[in-house]
Amino acid sequence: MPSQPGRRRRRRASGIHSSARSRPASIPSCPTMRSSMPPDEVRPATPFEEPRRAPMMPGLPRETIISIALFAAAWQIMSYLAPSLGIPAFAIPGLGRIAQSLTKITPLDVAVTLGRVLLSLFVSFVIGMLVAVLMYLSGSVERYLRPMVRILMAVPVVSWILFAVLWFKGVEFRIVFVLVVVCAPVFTVDALDNMREVSRDLKQMIRSFRPTSLQFFAKLMLPAITPGIITSWKITLSLAIRVVTIAELVGAVTGIGHQLSVAQELFSVADVFAWTLVLVVLLFMLEALIVLLETRVLRWRA
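Numbered by the working numbering, the letters in the sequence shown go through residues -5 to 296 in order.
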C-alpha cells in the first residue's frame, strides 16, 4: 500500500498533465507582425486596388492636355505646308503670330462681354423660373404659355437679332434682349420638367404635414430640382457665349464680338483665332465655377 506522500505526488503529476492537455499550444507572435498590424485596426482587403496616378496638371486631365498639344502641333504643321499647297500664308497663321495677337487682347472688351453674359443669364433665370412655377401651379396657365415658349425656342437667333435692331435703339438693350429671349425659355422648360419628375409619394408625404406653399417649394421642390437647374446653367452658359458673340457683331462698339468683326474686316485670321481662343477659355472658366458650386451645393450626393 503506497504511503500518503506518494499519493500526493501522483495526484499532483496527473493534474499537471491534464492541465497541459486542456490548454492549447500558444503560437509565438512575430514582432514585425505586431508592429505592422495593430490589434484594433483591420484594413479591408482590396485585391484589385489600382495605384492612383498623379495628374499631369491640377484640374486638367491627361487626355485634355494631349489633345490640345496634338491640335497645336497639327495647326503648326498646316501653317508650314500652306504656302506649298497654294493657300495664302495669312489664312493659316502659325502659333507665333497667334501668340502676338493674344498680346493685343484688351481686357475691357473681355469684361464687357462677360458682364453682358452674366447679367442676361441672371435675368433669364429669374424670368424662366417664374414662368415655370406659374405653369406648374396652374394647368390653364401652362396650356396657354407652353405654345408660346415653344415658339420662342423655334425662332432662330439671327431673326431675334434683326428684330432687336429694328425695334430698339440702345445697343446694350438689344444684346440683353436677344440673350434673354433665347435663354429664358430653356430655363423654363428644364425647370418645369424637373418639377414634374418629383415623386408623387414624396409630395403627398410633405403635404401631410400641411405646409404653406412657400414651405412646400422651399423644403421639397427647390432641393429636388437643384441638380437639374445646375445642369441647365451649364447648357445655357455655352449657348449664351455663342449668342452674345453674334449679337455683338451687329451695332456693338465694344465686346469680343465687335473685335471679331474688326479682325474680319482686316482679314486677320490670327486675331480671329486669338479672340476665339479667349472665348473658349472664358467658357471653360465659367463652367469650372459652376462645377465648383455644384460640388458645394450637392455634397449630399457624394
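From the three backbone atoms N, C-alpha and C, an ideal C-beta is built for every residue, glycine too.
From the listed residues 148, 268, 276, the smallest Cα separation to residue 177 is found for 148. Taking every protein chain shown into account, the CB of residue 242 has 16 or more other CB atoms within 10 angstroms, so this residue is buried. The beta carbons of residue 110 and residue 238 sit about 6 Å from each other, so the pair counts as a contact at 8 Å.
Judged by their CB atoms, residue 120 and residue 183 are not nearer to each other than the 9 Å cut-off. In this structure, the alpha-carbon of residue 221 lies about 8 Å from that of residue 288.
Residue 122 is positioned such that its CB atom lies closer than 9 Å to that of residue 180. For residue 244, no alpha helix (DSSP H) encloses it, and the DSSP letter there is neither H nor E. Under the three-state reduction of DSSP output, residue 107 falls in the helix class.
By the beta-carbon neighbour count (other beta carbons within 10 angstroms, threshold 16), residue 63 is exposed. Straight across, the Cα-Cα distance linking residue 278 with residue 228 is about 10 Å. Residue range 89 to 96 is occupied by the alpha helix (DSSP H) that includes residue 91. Every alpha helix (DSSP H) of 4 residues or more that sits fully in the region 175 to 251 is shown, in chain order, as 194 to 201, 207 to 210, 216 to 242. A distance below 9 Å separates the beta carbons of residue 196 and residue 218. Using a 10 angstroms sphere on the CB of residue 105, the tally of other CB atoms stays under 16, which defines it as exposed. DSSP, reduced to helix, strand and coil, places residue 284 within a helical segment of the structure shown.
Between residue 216 and residue 129, the gap from beta carbon to beta carbon reaches 9 Å or more. For residue 86, no alpha helix (DSSP H) run applies, since DSSP gives it neither H nor E.
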